[in-house]
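Residue numbers (the numbering used here): 31 to 851.
Note that the Cβ used here is the ideal one computed from N, Cα and C, for glycine as well.
Treat the numbers as computed from the prediction; the structure is a model and nothing was measured.
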């Protein structure tokens with residue numbers, strides 16, 4: 031399909047094609063086509079022509095009152111889809127997925143909801159149809175909806191439906207949005223900072239004008255003027271005319287908010303000025319900026335539902351959509367079962383955890399994914415001789431800080447660490463606007479005191495920082511301490527310090543122990559060498575992830591992190607390496623590198639190679655086996671990621687020793703999917719945990735899994751609130767010959783070794799740690815990026831010619847430990 035004039039709006043293209051179908055049914059031989067909003071149009075049978083041009087005279091609803099406009103639509107026969115290949119694929123007799131067939135059927139099932147609801151990617155939303163949403167604050171509201179996708183599974187084609195909620199701009203006057211978003215008085219002028227903030231929030235938003243009776247024109251906001259409205263003029267027939275004067279003369283409209291800037295549409299060379307007070311934010315626009323803490327709390331409160339509620343709401347979507355009466359589904363011969371799929375599952379037993387022999391409880395049997403530190407001591411407690419505390423909390427007096435530090439040290443020592451009861455320098459209090467100088471000062475003072483005591487070669491091992499009341503300094507603190515000063519930090523929010531509490535202190539002690547090189551617990555089977563394909567020969571476990579910048583940060587690079595286990599057979603300590611790469615690039619570039627040096631010749635490096643070398647130094651063995659957990663890859667990128675990253679792993683191994691080829695298992699971990707598992711009987715306490723969710727250890731590897739590939743769903747954690755989301759593990763490559771049971775058990779057991787809490791976690795720890803490492807590294811460059819962004823506007827595009835912003839090097843005395851924990 032080709033539409034002239036072209037439009038980037040799927041909604042407008044759909045409207046044009048719908049009008050064509052309504053006006054020219056006789057030319058389509060009674061067929062009911064379905065359309066993807068771009069170039070692809072599918073019919074269930076042949077049309078009576080190979081190619082045809084249609085000319086339509088339509089009144090654009092976005093230009094109400096502007097009269098009719100001509101559109102030309104050319105429909106050409108492109109190809110005939112063969113359904114036989116889909117049958118072969120679903121039967122497991124064909125490896126390549128017939129993407130085009132599944133796409134066509136998926137579009138057919140989306141056609142009807144696309145005309146009724148607001149469509150965003152693969153989801154549909156409505157302000158009322160799926161239940162009430164709610165206000166999130168700052169001009170943003172929550173809409174409910176659902177995700178829908180047609181997927182090939184072992185039971186045939188399956189319709190994946192999952193209820194969801196997301197943030198939308200509230201449809202309201204722009205003036206009201208501005209007051210609410212900036213939390214200001216409308217009578218005051220905007221500061222430069224407020225204007226920049228508002229410009230970022232409104233860029234790309236569509237508004238409708240209100241100053242012309244009977245005519246409402248929709249515009250897309252491209253910017254905000256620097257000058258206020260009463261200073262704005264434009265050229266009209268060679269005469270400079272003020273915008274205020276123009277509106278008075280042309281529309282008999284007296285503008286009130288002349289002290290505020292003007293919205294700008296069009297481009298920089300030919301801008302259209304739109305006073306805020308004559309514009310309303312159009313309904314149905316997703317809010318794509320990052321939600322603030324208050325908004326996140328509100329949307330979680332609105333969207334969080336127990337499993338029984340969520341199942342009921344999902345069935346409600348099926349009922350509302352009534353696929354049996356859907357003309358488009360009927361046209362393509364699609365029938366949808368109105369019940370959820372029933373799948374077989376099993377619950378894996380929890381592993382036994384080993385603690386230190388000096389504790390009363392030497393071996394722990396977790397219960398429903400949880401345990402505690404009562405009567406237990408860390409299996410390998412870390413030692414801290416020199417620590418200090420710096421507080422920026424204005425509302426906590428020094429005595430309380432001293433008591434908190436004493437309680438924390440006591441907790442650390444009671445559960446197995448060896449921490450000096452006295453800080454190496456006195457606890458210091460500093461102003462909130464003097465963070466960097468205060469940290470440098472206490473670090474320098476500590477070094478001085480240690481030198482005066484003759485402790486040469488020793489340094490500050492831990493700096494406890496009570497954060498300022500206002501958020502925003504955490505990233506700068508981590509960057510300064512980890513890349514410049516080389517000191518491990520433990521930051522604490524003032525509210526948590528004031529509350530204290532045994533559980534908080536215990537979790538803090540677990541984090542600190544991991545950060546200074548200790549181990550909290552290990553799998554008993556690992557110590558006894560009883561884990562198949564892990565403890566029989568030296569094995570290294572990798573985790574890798576890439577985090578991308580939020581929308582609007584067009585200059586920001588993506589951050590890749592790779593972690594690898596540095597102990598065997600315990601597999602609990604992970605070293606982390608990070609690197610920056612091109613904006614929103616998913617494949618990790620620096621796994622293996624070759625650089626030609628004029629003096630040394632070819633220098634080989636990269637994150638995989640460096641971590642393999644570190645493993646050999648740490649354990650005395652070179653790995654005979656590699657297990658690689660890769661997070662954050664979508665199904666469409668599987669083959670590309672596997673091809674490039676497996677090649678990098680191979681090259682990294684070969685660069686260390688000729689013929690060195692450890693066997694590799696490459697597993698993709700997916701958390702951001704839409705499959706939910708509900709207990710068959712919500713009232714059966716043998717099937718659920720206290721939150722009503724399926725039990726930790728529940729694994730599904732049939733029915734809803736891939737027709738021919740090795741994948742499984744594993745719910746490894748106990749639910750806290752809402753409905754648990756199982757992790758989806760997809761094995762892309764396996765030279766080690768894992769059975770489904772062996773890999774599922776290993777993955778589940780590792781979920782009990784996460785250092786930061788006494789709970790099993792929702793994804794395998796190496797993937798979790800890689801995510802934490804990448805997230806931490808973003809703090810190292812975010813100030814630089816935001817400064818670049820503010821000076822160059824808020825471009826959403828990435829210029830490939832701009833060199834990628836490099837990350838500062840992490841100091842070795844920090845990087846050798848789990849500093850990101």
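Using a 10 angstroms sphere on the CB of residue 691, the tally of other CB atoms stays under 16, which defines it as exposed. Rounded to the nearest whole angstrom, the C-alpha separation of residue 847 and residue 544 is 8 Å.
Rounded to the nearest whole angstrom, the CA to CA distance from residue 465 to residue 67 is 52 Å. Residue 442 and residue 625 have their C-alpha atoms spaced approximately 46 Å apart.
The beta carbon of residue 403 lies closer than 6 Å to those of 445 and 536 in the same chain, with the five residues before and after it left out. The region 446-515 is shown to contain whole alpha helix (DSSP H) runs of 4 or more residues at 465-482 and 504-509, in chain order. The beta carbon of residue 745 sits closer than 7 Å to the beta carbons of 707, 724, 726, 728, 754 and 756 from its chain, once the five residues preceding and following it are set aside; these are given in chain order. Here residue 208 carries a helix assignment [DSSP, helix/strand/coil].
DSSP, read as helix, strand or coil, puts residue 174 in strand.
At a Cβ-Cβ threshold of 8 Å, residue 568 and residue 653 count as neighbours. Of the other Cβ atoms in all chains shown, 16 or more fall within 10 Å of the Cβ of residue 801; this residue is therefore buried. DSSP, read as helix, strand or coil, puts residue 799 in helix. In this structure residue 789 is in contact with residue 400, their Cβ atoms being roughly 5 Å apart against a cut-off of 8 Å. Between residue 175 and residue 151 a beta carbon distance of about 11 Å is seen, past the 8 Å cut, so the two are scored as non-contacting.
Taken through DSSP and simplified to helix, strand or coil, residue 627 comes out as strand. In this structure, the alpha-carbon of residue 457 lies about 8 Å from that of residue 428. Excluding its 5 nearest sequence neighbours in each direction, residue 160 has C-beta neighbours in its own chain below 6 Å: 174 and 175, listed in chain order.
Rounded to the nearest whole angstrom, the C-alpha separation of residue 300 and residue 209 is 28 Å. Every unbroken stretch of the alpha helix (DSSP H) spanning 4 or more residues and falling wholly within the region 115-183 is given here in chain order: 129-146.
Looking at 135, 99 and 105, the one whose alpha-carbon comes closest to that of residue 113 is 135. Under DSSP, residue 45 forms no beta bridge with any residue. Cβ-Cβ separation between residue 764 and residue 695: approximately 5 Å, consistent with a contact (criterion under 8 Å).
Rounded to whole angstroms, the gap between the alpha carbons of residue 407 and residue 382 is 15 Å.
Cβ-Cβ separation between residue 679 and residue 656: approximately 7 Å, consistent with a contact (criterion under 8 Å).
Between residue 378 and residue 775, the CB-CB gap stays under 8 Å.
In the DSSP annotation of this structure, the continuous segment of the alpha helix (DSSP H) that includes residue 341 starts and ends at 337-351. Our two residues, residue 339 and residue 44, have alpha carbons roughly 34 Å apart in a direct line. For the pair of segments examined, the region 206-221 was found not to touch the region 769-785: the number of CB pairs separated by less than 8 Å stays below three. With distances taken between CA atoms, residue 177 lies nearest to 144 out of 144, 132 and 634. Taking 8 Å as the cut-off, the Cβ atoms of residue 264 and residue 577 do not count as close. In the DSSP assignment, residue 237 forms a beta bridge with 249 and 311. Per DSSP, residue 83 is one residue of the beta strand (DSSP E) stretching across 81-89. By the CB criterion at 8 Å, residue 252 and residue 246 fall outside the cutoff. The Cβ atoms of residue 324 and residue 164 lie no closer than 8 Å to each other.
One Cα belongs to residue 611, the other to residue 63, and the distance between them is close to 43 Å. A check of alpha carbon separations from residue 590 across 614, 597, 604 and 371 identifies 614 as the nearest.
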